[in-house]
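Residues 34 to 312 (my numbering) make up the first sequence, in order. Structure first, commentary second.
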Amino acid sequence: MIIEIRINQPLNLKHTLEWGQVFRWRKAQDWYIGVIDRSVVKLKIIDNKLIADATGKIGEERIHDYLRLDDDLNKILTLINKDKLVSSAITLFKGLRIIRQDPWECLASFICSINSNINRISKTIEKLCMKLGDPIISSYHAFPTPQAIVKAGIKGLRECGLGFRAKYLFEAAKQVEESFDLYSLVKEQTDAAISKLTQLPGVGLKVASCVALFSLNKLDAFPVDRWIKRVMITYYLRRESTIREITSFARSYFGKYAGYANQYLFHYVRTVKPRKIFQ
DNA sequence: ACCCAGGCGATTG
DNA sequence: CAATCGCATGGG
């Protein structure tokens, strides 16, 4: 099914889908191909239209929702544009949008991301889906359900290359299957949602913040990894700081769209040479 | 070798 | 009590 969505504001699929919010999108000629929920989706932009070619029952509403096209990006970028650094990032990456993933897929993905790198995370998740996800069409599979993860067992997960993360993912899946109400967290305040998430095994502040930002509609969540930590300390705080000090500063400095600032900065410090950032 | 979108439990101060 | 440390693992 082909869906056309008229877009009247910045949307850059490369910046949005390729670098670290989500790990399953691949570029094929002029399309981006990925899986949203249980549908294989191809996306491309022609002029001011987003073209989606999708299998299954997915409709315009979910595509719109996934790319958060309701976010007024121009307004958000104006609000977070507080200094030269963010301003440069916005110039380079305008059209990068926060996306709204399925919370379980997001949680599982970021448990897999612990002390790893984007390249490896993508490969691990690919193996997980291939082995444990329900087939959709050709070689595309849905993301494995918590039940499928539990059924695979720690040994089965290790065979996908999860290493020491296998037991975290297994235990988290078990709790989500049995008692942990992941999907109700969308109704909670940001800090409450994050603190509940960190009760899960393998979920610390960083992973919880990513889940809150990328799947639970918490646009003020500010994940601090080593890249963000370095740029925040050297450019903003200008002294040794804890993760809590950094997130607290970021919230007050960038405001309720701190998560957007986070993604633009993350993109920027990973792309631009350090000496260019700090002159 | 060294680094990587961190978390956890043990140890130290 | 908080801060620090070593470790789980595997690919580039």
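From the three backbone atoms N, C-alpha and C, an ideal C-beta is built for every residue, glycine too.
Can you list, in chain order, the residues of its chain whose CB lies under 6 Å from that of residue i, leaving out five sequence neighbours each side?
{"i": "Ile-35", "result": "Asp-86"}
{"i": "Cys-243", "result": "Phe-143 and Pro-256"}
{"i": "Arg-57", "result": "Gly-67 and Val-68"}
Cutting at 7 Å between CB atoms, please list the residues of its own chain near residue i, excluding the five before and the five after it.
{"i": "Tyr-216", "result": "Pro-136"}
Quick one: Cα of residue i to Cα of residue j, how far?
{"i": "Ile-144", "j": "Ala-226", "result": "16 Å"}
{"i": "Ala-283", "j": "Ala-291", "result": "6 Å"}
{"i": "His-174", "j": "Lys-90", "result": "15 Å"}
{"i": "Met-265", "j": "Thr-49", "result": "22 Å"}
{"i": "Ile-84", "j": "Glu-159", "result": "25 Å"}
{"i": "Leu-125", "j": "Val-305", "result": "10 Å"}
{"i": "Leu-190", "j": "Val-209", "result": "17 Å"}
{"i": "Lys-164", "j": "Leu-112", "result": "44 Å"}
{"i": "Leu-218", "j": "Glu-94", "result": "21 Å"}
{"i": "Ile-276", "j": "Glu-37", "result": "42 Å"}
{"i": "Lys-200", "j": "Gly-186", "result": "9 Å"}
{"i": "Asp-63", "j": "Leu-76", "result": "9 Å"}
{"i": "Ala-205", "j": "Ser-248", "result": "17 Å"}
{"i": "Gln-312", "j": "Val-302", "result": "Confidence in Gln-312 is poor, its pLDDT being 49 and thus under 50, which makes the residue's placement too unreliable to answer from."}
Tell me the DSSP bridge mates of residue i?
{"i": "Ala-241", "result": "Answer is none; Ala-241 lacks a bridge partner."}
{"i": "Tyr-65", "result": "Lys-60 and Leu-76"}
{"i": "Asp-86", "result": "Ile-35 and Lys-75"}
Since I believe residue j is in contact with residue i (beta carbons under 8 Å), could you give me their beta-carbon distance rounded to a whole number of angstroms?
{"i": "Pro-179", "j": "Leu-161", "result": "About 12 Å; that fails the 8 Å criterion."}
{"i": "Gly-194", "j": "Thr-157", "result": "5 Å"}
{"i": "Leu-44", "j": "Ile-96", "result": "Actually they do not touch by this definition, with Cβ atoms about 11 Å apart."}
{"i": "Phe-213", "j": "Leu-233", "result": "7 Å"}
Would you list, in sequence order, the uninterrupted alpha helix (DSSP H) runs of no fewer than 4 residues that lie entirely inside the stretch 104-147? 106-113, 117-126 and 136-145
Which complete beta strand (DSSP E) runs does the stretch 253-293 hold, if anything under 3 residues is left out? The stretch 253-293 contains no whole beta strand (DSSP E) run of 3 or more residues.
Runs of 4 residues minimum, wholly inside the stretch 157-242: which ones carry the alpha helix (DSSP H) assignment? The stretch 157-242 contains these whole alpha helix (DSSP H) runs: 179-191, 198-211 and 223-230.
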